[in-house]
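Per this note's numbering, residue 2 is the first one in the sequence shown, and the count goes up by one each step.
Just so it is clear, CB atoms sit at the ideal spot from N, CA and C, and this is done for glycine as well.
Structure, as structure tokens:
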Amino acid sequence: MKALLIDDDQKLSELLKQYFHQYGIDVVAAFHPKKGMELMRTENPDIIILDVMLPDMDGFSVCKEIRKESDIPIIMLTARGDTTDKIVGLEIGADDYLAKPFEPRELVARIQTIVRRSQTRTPKKSLVIGELEIKLNERDALLNGESLQLTSNEFELLSYFAGHPGKKIDRDEIMNHLRGIDANFYSRSVDILVSRLRQKLGDDSKSPRFIKTIWGEGYVFLGEAP
């Protein structure tokens with residue numbers, strides 16, 4: 002497994018390289034956003050670990066640039082642990098976040114979980130719900146033939162919804178599916194993720210075609226594959 006670390010803290014980079022080695026994770030480090038973007042294109046990492054505080058361009062801007070080109074999983078690091086930073090990161094397409102200082106073993110666990118999920122392949126098949134096609138094996142979703150360019154979490158959520166049509170799914174169930182029972186993923190994050198998915202689907206929460214909100218209870222996926 003290969004991780005790209007974009008962080009100007011060279012000491013942290015060396016520590017993580019040494020620590021991750023015992024878990025079979027090779028770390029490629031970039032201390033500047035421009036170099037990080039170059040390495041993303043040439044090294045084909047399995048995941049990106051992205052610091053918020055970077056020279057010349059902050060991590061949020063870098064995340065946006067990455068999302069223009071790739072749906073590679075991204076874990077953002079924030080020094081302050083500010084809830085606002087976490088929400089912004091999720092809104093622009095990050096898959097997870099971790100506040101500094103952190104335990105390296107926790108970061109390893111999150112990397113392993115996210116990469117394992119992103120690399121999971123199901124038998125070749127698609128779900129077709131009206132004009133929406135979900136290509137499970139290719140981890141892609143098309144609306145009227147156009148790719149929705151979903152992030153890993155967005156695709157995982159859409160697939161989960163589509164696999165349980167007509168069922169009320171509460172936030173706890175979504176959190177457990179996306180992160181696991183012990184993970185630090187809170188209900189506000191779920192709402193942000195659903196909102197992002199709705200935007201890409203062109204869905205209206207007041208007159209939904211795909212995802213209906215059951216206020217105070219959760220969500221229901223309206224479409225059903227034949």
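Exposed unless 16 or more other CB atoms sit within 10 angstroms - verdict on D204: buried
contact_flag[the region 189-200, the region 153-173] where n(CB pairs < 8 Å) is 3 or more: yes
Of the listed residues I193, F162 and S119, nearest to I135 (C-alpha basis): F162
Rounded straight-line distance, which links the Cα of T114 to that of G131: 32 Å
Neighbourhood of I175 by C-beta distance below 6 Å, restricted to the same chain and skipping five residues each side: V191
Where F103 falls, given that 16 or more other Cβ within 10 Å makes a residue buried: exposed
Enclosing alpha helix (DSSP H) for M38 [first to last residue]: P34 to E44
Segments assigned alpha helix (DSSP H), at least 4 residues, entirely inside the region 100-178: 105-120 and 153-163
Secondary structure of S89, DSSP reduced to three states: The question names Ser, but residue 89 in the sequence shown is Val. The answer is helix: DSSP assigns V89 an H, G or I state.
Rounded separation between D27 and L108 - CA only: 14 Å
Backbone CA spacing between I93 and K65 [nearest angstrom]: 6 Å
Assigned exposure category for P56 - 16 Cβ within 10 Å defines buried: exposed
Counterpart residues of Y20 in DSSP-defined beta bridges: Paired residue(s): none; Y20 is not in a bridge.
Nonlocal neighbours in the same chain, by C-beta distance under 7 Å from D86, ignoring five residues either side: V53 and T79
Residue environment, L16, which counts as buried when at least 16 other CB atoms sit within 10 Å: exposed
Cα-Cα separation, N45 to H165: 33 Å
CB contact check: K69 to chain C, cutoff 8 Å: Looking for chain C here will not work: only one protein chain is present.
One or two residues paired with G219 in a DSSP bridge: I215
Whole-number beta carbon distance between I88 and Y49, since they are thought to touch under 8 Å: A quick correction: the sequence has Ile, not Tyr, at residue 49. With a Cβ gap of about 19 Å, I49 and I88 do not count as contacting.
Residue nearest to L179 in terms of C-alpha spacing, selected from R210, S127, M38 and S119: S119
Closest residue to G60 among G167, A142, L143 and I75 (Cα-Cα distance): I75
Cβ-based neighbour list, L40, same chain, cut-off 7 Å, excluding 5 preceding and 5 following: L5, V29 and A31
V29, enclosing beta strand (DSSP E) - first and last residue: D27 to A31
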